[in-house]
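Heads up, the sequence shown is in numbering that gives the first Met the number 0, so the first residue is 0 and it goes up one at a time. Glycine included, every Cβ here is placed at the ideal spot set by N, Cα and C. A quick write-up on the structure given underneath.
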Amino acid sequence: MLAGNAATFVGFFSYCYYWIDNGVPFYSFMFTFEHFGKDLPLPQSPEELRRMTSAAQSAYYCSTCVFQMINFFATRTRYASIIQHNPFWGQSRNWYVFLAIIGSTGVQLLVTRIVWFNNTFQTQPIPVKYIAPTIGFGILWLLIDELRKLCVRK
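What follows is the structure in structure tokens.
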């Protein structure tokens, strides 16, 4: 339950970061519901707002996927640390995980970079700067879970 809330927070953070970084104030896109883009003092046209909405949603999607990749390593076990239950070597290694991460990253790139997918799914290419904070939140989540495991083992 907490992991899902953290992933949602990180996704919404990237979503809001995209809007705010592109000059749209927070309350211009949140809590406006069906009035979004209507009679707001924004310099963007309705078409530009539609494009920005697609880009912000793509940032949410990519951010959530990246966080889930990091979350997998945090929640692999209930008690054993990532060092004790290492995915790279030893008896508990799992090379398929890395293939799955490469596959997931490939799907993200396909959906956000190829024009046919952009038109079909209404996505947009996203600069890395909108996804990068997710890595920081993911590392923080990994550290919090490692501290939880340390407390459980003692």
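Handout entry: Proximity winner among R49, N117, V110, M68, relative to F136 (alpha-carbon distances)
Key = Position 137 of the sequence shown holds residue 136. Measuring from the Cα of F136, the nearest candidate turns out to be M68.
Practice task
Please look up how many angstroms separate the CB atoms of A54 and I113, rounded, as I've assumed it's under 8 Å.
Solution key: Against the sequence shown, residue 54 aligns to sequence position 55. Against the sequence shown, residue 113 aligns to sequence position 114. Not confirmed; about 15 Å, so no contact.
Exercise for the section: Measure the C-alpha to C-alpha separation of P86 and E145 and round it to an integer number of angstroms. Expected result: For the purposes of this step, residue 86 is taken as the residue at position 87 of the sequence shown. For the purposes of this step, residue 145 is taken as the residue at position 146 of the sequence shown. Answer to the nearest angstrom: the Cα atoms are 15 Å apart.
Handout entry: Separation of T63 from Q107, as counted between CA atoms
Key = The sequence position of residue 107 within the sequence shown is 108, counting from 1. The sequence position of residue 63 within the sequence shown is 64, counting from 1. Those two C-alpha atoms are separated by around 11 Å.
Exercise for the section: With DSSP as the reference, label I143 as helix, strand or coil. Expected result: Taking the first residue of the sequence shown as 1, we reach residue 143 at position 144. Of the three classes helix, strand and coil, the one that applies to I143 here is helix, per DSSP.
Exercise for the section: Assign F87 to one of three DSSP states: helix, strand, or coil. Expected result: Within the sequence shown, the letter at position 88 stands for residue 87. DSSP places F87 in coil when its eight states are reduced to three.
Practice task
Flag this pair as yes or no: are the beta carbons of A2 and T74 separated by less than 8 Å?
Solution key: As a working mapping, residue 2 is identified with position 3 in the sequence shown. As a working mapping, residue 74 is identified with position 75 in the sequence shown. Yes, Cβ-Cβ distance for A2 and T74 is below 8 Å.
Exercise for the section: Below 8 Å CB to CB, which residues in the same chain sit around G130 once its five sequence neighbours on both sides are set aside? Expected result: Working through the sequence shown from its first residue, we reach residue 130 at position 131. It is Ile, not Gly, that sits at residue 130 in the sequence shown. Taken in chain order, the residues that qualify are S13, A58, C61, S62, V65.
Problem - Local conformation of M68 per DSSP, three classes - result: Counted from its first residue, the sequence shown places residue 68 at position 69. Note: M68 maps to helix in three-state DSSP.
Practice task
Would you kindly check if the distance between the Cβ of Q123 and the Cβ of T104 is under 8 Å?
Solution key: By 1-based counting over the sequence shown, the position of residue 104 is 105. By 1-based counting over the sequence shown, the position of residue 123 is 124. In this structure, Q123 does not lie closer than 8 Å to T104 by Cβ.
Handout entry: Residues of its chain near M170, where Cβ-Cβ distance is below 8 Å and the 5 sequence neighbours each way are ignored
Key = A question about residue 170 goes unanswered here, because the residues of the chain that appear run from 0 up to 153.
Practice task
Take T133 and list the residues in its own chain whose beta-carbon comes closer than 7 Å to its own, dropping the five residues that flank it on each side.
Solution key: Taking the first residue of the sequence shown as 1, we reach residue 133 at position 134. V9, S13, S62, V65, F66.
Exercise for the section: Look at the Cβ atom of I81, then the Cβ atom of F71, and state whether they are nearer than 8 Å. Expected result: To locate residue 81, count along the sequence shown from 1; it is residue 82. To locate residue 71, count along the sequence shown from 1; it is residue 72. Not in contact: I81 and F71 (Cβ atoms no closer than 8 Å).
Exercise for the section: Would you identify the three-state DSSP class for R49, choosing helix, strand or coil? Expected result: For the purposes of this step, residue 49 is identified with residue 50 of the sequence shown, where counting begins at 1. Helix at R49.
Exercise for the section: Following the continuous alpha helix (DSSP H) through F116, name the residue where it begins and the one where it ends. Expected result: As a working mapping, residue 116 is identified with position 117 in the sequence shown. From DSSP, the alpha helix (DSSP H) with F116 extends over 114-120.
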